[in-house]
Each structure stands twice: as structure tokens, then as C-alpha cells.
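Residue numbers (the numbering used here): 3 to 174.
Glycine residues also receive a C-beta, built at the ideal position from the N, C-alpha and C atoms.
Here the structure is a predicted model, which means the values were calculated and not measured.
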Amino acid sequence: MWYAVPGAVPIFVSGLLPLFKIGMNKHMVLGLAFELVYFAFPGRMRPTMMLRVLHQQFLGIVGDAANTVIKKPPPPPAPLVSRKPAFIDAFLYKMKKNPKLLANKTIWSRRSTILPEFIDTTVKIYNGKTTIRCKITEGKVGHKFGEFALTRKRKAKVQATAKNVKQLKKKK
């Protein structure tokens, strides 16, 4: 029988040792050894007996290292995400050096970012219909001009007074 021949099983197990060193645990290596031996010598031994022999041989070769888990080295840290530079329209970029030129100018570029150089200036921002005056403060730096010129009107809340209730009943 194959298991009676000295060195028959260690050949299979020792052939799989490089897999154990790569990072496979002992159960994976023993499973591969079992498949190799089982299909190489079919019907020679019961599977449970074969696993016992393989396990003993494996522990005889590897020793205490069989119970240690070899971890793969951690991947290198991902690079930090670099942010895109703030978008500034060309005419605003020209006024970056001299923000006094920006005072009371109409700005159509709602997508441009407000820069720290524009603090304490008043500008008119176009909202699609009219221009809205806006004083630039420190809290607005980094935001877009369009955030401070709303394009939609708010609906006024109608208070429920006696007069309004009568008008609503007449309409129904």
C-alpha cells in the first residue's frame, strides 16, 4: 500500500509546503494534499484515515509553524485625494490682484468661487432675471457666487384670519 511505503506521503505534503509559506493555512494545504493522494491512489484507504495520516505527516514536516497564520503584508496606504483648484472666471481672476475694481460690478458667472481677496466688497450677482446685491464676508469665502443669488421666489405664508377663511369658502 502507498502509505506503508516510507516517504510516500511526505512527498505529497512537502510538495505543497510552498503554498503553506505563501499564506495558505494548514487546512487548505491538507485539502489539496488529500485531493492529490485520493485521486492518485483511489480505493486504497478510507478518506478519514487518509486525512489522519496526511495531518500527522504534515505536522511532522512543518511542526509548530502549522498553527501560525502567515499574514500578507498590508497594502501601501492610498495616496491622499488632491482637490481640484477652485474655478474662477477669467474676468474675476484679473480682479483678484485689485479687488477694488470688483466693487458694484455685475457678476454673471454664478459658478465662480468666492476668493479671500474679495472680502468686504459688494457685488451684484445675476440670478437669471435681475441682479441681487451681495456683500462678501469671510463666511462666504469658498462658496460659489450663485449660492447667494436665489433663482426662485419664496411663497409667502398666508395666515388663517377670519377674512381669508371666508374667501376660501366662497371659492369652493
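Mind checking whether residue i and residue j have CB atoms under 7 Å apart?
i	j	result
Ile109	Ile138	no
Ile121	Ala151	no
Arg112	Gly141	no
Cys136	Val143	no
Thr123	Pro101	yes
Leu94	Ser114	yes
Lys146	Glu119	no
Who does residue i pair with in a DSSP beta bridge?
i	result
Arg135	Lys126
Thr108	Lys126
Thr153	Answer is none; Thr153 lacks a bridge partner.
Helix, strand or coil for residue i per DSSP?
i	result
Lys96	helix
Lys146	strand
Lys165	helix
Pro75	coil
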